[in-house]
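Enquirer:
Protein chains in written order, with my numbering: chain A, 3 to 235; chain B, 672 to 833.
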């Protein structure tokens with residue numbers, strides 16, 4: 003009688019996170035909020051890129067907000083808040099990525115109906131964030147010209163699970179002898195057909211094109227009957 | 672369900688909470704915690720049992736390091752009904768659909784999303800993102816064993832005052 007037995011489970015390990023992320027995505031869509039999850043290594047320039055994006059959106063009276071994840075300090079939230087956008091810091095205290103419930107808790111008192119765009123700046127890390135769905139519509143992988151063209155090949159998972167790639171610090175491309183074509187080829191090898199934006203937060207290169215793209219994506223979001231997955235892919 | 676067994680499940684949950692509070696996180700530790708949570712939910716169907724093994728399906732694109740996962744799992748399951756449970760990992764390669772061949776193709780790695788037969792680039796991934804729990808092997812052991820176990824202390828999970 004006391005025999006071992008097999009319980010068939012057949013479930014996703016991260017089902018709790020995935021289910022919450024799905025609910026959040028549905029709510030974001032319902033309220034008309036385009037949500038972007040920004041992932042990259044530490045030092046790629048996510049914050050500078052995001053700050054420039056937020057600043058231009060705020061200047062154009064576009065309702066936009068951001069949450070930013072870091073292990074410690076509220077420095078990034080302070081930097082982003084200089085744009086005039088609503089910003090909240092998520093301190094993970096050692097945790098290497100954000101999870102859906104952390105985002106949910108930190109925006110719980112925000113009225114989403116008043117927002118058009120929400121950016122989630124993930125913890126700088128090219129490994130862990132790829133597993134965790136945060137309810138975003140678009141996952142954006144950032145890569146700076148200083149990191150080397152082969153970054154996508156070294157960290158294929160993160161680039162493969164992203165919908166869009168943004169190359170940052172293009173103003174430094176020449177100094178770094180950045181091989182643009184190789185970088186684009188590598189991105190396309192990991193994620194065939196991925197759309198790439200080449201930008202510089204410092205000179206403003208590519209930022210308007212990027213914001214135009216977000217506008218189109220938000221329109222697309224509203225047109226979709228019900229959003230179950232990322233929309234840019 | 673036995674009272675002691677229920678307490679054990681409670682303690683296991685507290686271990687998770689303590690780990691969260693102690694912030695000793697890494698990627699595979701979070702994954703291991705999620706595995707334990709799912710397993711504990713299912714243990715309710717098998718009161719008084721311990722877990723012998725958990726079968727996982729892990730895709731090449733799931734970004735999970737096998738040894739780290741095993742280590743994390745061992746760490747967080749000590750002195751719980753999952754102590755000593757074996758993680759059986761079935762690795763799943765990436766399979767894409769090639770639009771030229773109109774066929775499913777297995778990729779040798781995860782760096783080139785190119786059909787290995789005709790060299791067409793394709794991002795139409797049909798397999799390889801899995802991070803699934805397939806099944807859990809449980810063994811009824813009765814409450815006496817649980818009782819003995821309860822008296823031991825896991826440094827990560829000291830038996831609280833009741």
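Cβ atoms here follow ideal geometry from the backbone N, Cα and C, with glycine treated the same way.
(1) Rounded to whole angstroms, what is the Cα-Cα separation between residue 90(A) and residue 121(A)?
(2) Note down the Cα distance separating residue 162(A) from residue 17(A), rounded to an integer number of angstroms.
(3) Can you tell which of 811(B), 810(B), 801(B) has its C-alpha closest to the C-alpha of residue 13(A)?
(4) Look up residue 148(A) in the DSSP assignment and say whether it is helix, strand or coil.
(5) Hey, is residue 784(B)'s beta-carbon within less than 7 Å of any beta-carbon in chain A?
(6) Starting from residue 709(B), trace the alpha helix (DSSP H) both ways and give me its first and last residue.
(7) Just the Cα atoms here: how many angstroms apart are residue 819(B) and residue 719(B)?
(8) Cutting at 7 Å between CB atoms, please list the residues of its own chain near residue 703(B), excluding the five before and the five after it.
(9) Just the Cα atoms here: how many angstroms apart are residue 56(A) and residue 762(B)?
(10) With 7 Å as the threshold, decide whether the Cβ of residue 810(B) is near any Cβ in chain A.
(11) Please confirm whether any heavy atom of the ligand MG lies closer than 6 Å to the CB of residue 82(A).
(12) Check each candidate in 150(A), 76(A), 138(A) and name the one with the smallest Cα separation from residue 92(A).
(13) Is there a C-beta anywhere in chain B that falls below 7 Å from the one on residue 76(A)?
(14) For the alpha helix (DSSP H) that residue 124(A) lies in, which residues bound it at each end?
(15) Applying a beta-carbon distance threshold of less than 8 Å, which residues of chain A neighbour residue 805(B)?
(16) Take residue 825(B) and list the residues in its own chain whose beta-carbon comes closer than 6 Å to its own, dropping the five residues that flank it on each side.
(17) Can you look up residue 28(A) in the DSSP assignment and give me helix, strand or coil?
(18) What is the C-beta distance between residue 9(A) and residue 716(B), in whole angstroms, given that I count them as a contact (C-beta under 8 Å)?
(19) Given a cut-off of 7 Å on the beta-carbon distance, is the pair residue 764(B) and residue 776(B) in contact?
(20) Cβ closer than 7 Å: which chain A residues qualify as neighbours of residue 794(B)?
(21) So, helix, strand or coil for residue 811(B), using DSSP?
(22) Is it the case that the Cβ atoms of residue 62(A) and residue 732(B) are separated by a distance below 7 Å?
(23) Whole angstroms are fine: how far does the CA of residue 23(A) sit from the CA of residue 132(A)?
(24) Starting from the beta carbon of residue 706(B), find every residue of chain A whose beta carbon is closer than 7 Å, and list them in chain order.
(25) Count the other C-beta atoms from every protein chain shown that fall within 10 angstroms of the C-beta of residue 797(B), then say buried if there are 16 or more, exposed otherwise.
(26) Looking at the unbroken beta strand (DSSP E) that takes in residue 39(A), where does it start and where does it end?
(27) For residue 126(A), count neighbouring Cβ atoms within 10 angstroms of its own Cβ and tell me buried if that reaches 16, exposed if not.
(28) Quick one: list the residues of chain B neighbouring residue 18(A), beta-carbon separation under 9 Å, in chain order.
(29) Starting from the N-terminal side, write out each stretch of the beta strand (DSSP E) that is 3 residues or longer and does not extend beyond the region 711-753 of chain B.
(30) Whole angstroms are fine: how far does the CA of residue 791(B) sit from the CA of residue 706(B)?
(31) For residue 717(B), return the contacting residues in chain A, with the cut-off set at a CB-CB distance below 9 Å.
Expert: The short version:
(1) In this structure, the CA atom of residue 90(A) is about 11 Å from the CA atom of residue 121(A).
(2) Annotation: residue 162(A) to residue 17(A) spans about 21 Å, alpha carbon to alpha carbon.
(3) The alpha carbon of residue 13(A) has as its nearest neighbour, out of 811(B), 810(B), 801(B), the alpha carbon of 801(B).
(4) Helix, per DSSP.
(5) Yes - at least one Cβ of chain A is within 7 Å of the one on residue 784(B).
(6) For residue 709(B), the enclosing alpha helix (DSSP H) starts and ends at 698-714.
(7) In this prediction, residue 819(B) scores a pLDDT of 41, lower than 50, which makes its location untrustworthy; the coordinate-derived value is nonetheless stated afterwards. Distance between the alpha carbons of residue 819(B) and residue 719(B) is about 13 Å.
(8) If we look at residue 703(B) and ignore the five residues flanking it on each side, its Cβ neighbours are 740, 743, 744, 747.
(9) Residue 56(A) and residue 762(B): Cα-Cα distance of roughly 42 Å.
(10) Taking Cβ atoms only, chain A reaches closer than 7 Å to residue 810(B), which makes this a yes.
(11) With respect to small molecules bound, the structure shown includes none, and the ligand MG cannot be examined in it.
(12) Between residue 92(A) and the set 150(A), 76(A), 138(A), the nearest pair of CA atoms involves 76(A).
(13) No, no contact with chain B.
(14) Looking at the DSSP string, residue 124(A) is not in any alpha helix (DSSP H), and its letter there is neither H nor E.
(15) Within 8 Å Cβ-Cβ: 10, 11, 12.
(16) Because the pLDDT at residue 825(B) is just 41, under 50, the model does not fix this residue reliably, and the point stays unresolved.
(17) Three-state result, residue 28(A): helix.
(18) Here residue 9(A) really is in contact with residue 716(B); their C-beta atoms are around 6 Å apart, less than 8 Å.
(19) In terms of Cβ geometry, residue 764(B) and residue 776(B) do not form a close pair [threshold 7 Å].
(20) Against chain A, the beta carbon of residue 794(B) has neighbours under 7 Å at 193, 194, 195, listed in chain order.
(21) Residue state, collapsed to three classes: strand.
(22) Contact: no.
(23) If you take the alpha carbons of residue 132(A) and residue 23(A), they lie about 14 Å apart.
(24) Here the neighbours are 15.
(25) Exposed.
(26) Run containing residue 39(A): 36-41, per the beta strand (DSSP E) assignment.
(27) Residue 126(A) counts as buried, since no fewer than 16 other beta carbons sit within 10 angstroms of its beta carbon.
(28) For residue 18(A), the residues of chain B that pass the 9 Å Cβ criterion are 705, 708, 709, in the order they occur in the chain.
(29) Counting only runs of 3 or more, we get 720-730.
(30) Near 37 Å, if we compare the C-alpha coordinates of residue 791(B) and residue 706(B).
(31) Contact annotation for residue 717(B) against chain A: 7, 9 [CB-CB distance below 9 Å, chain order].
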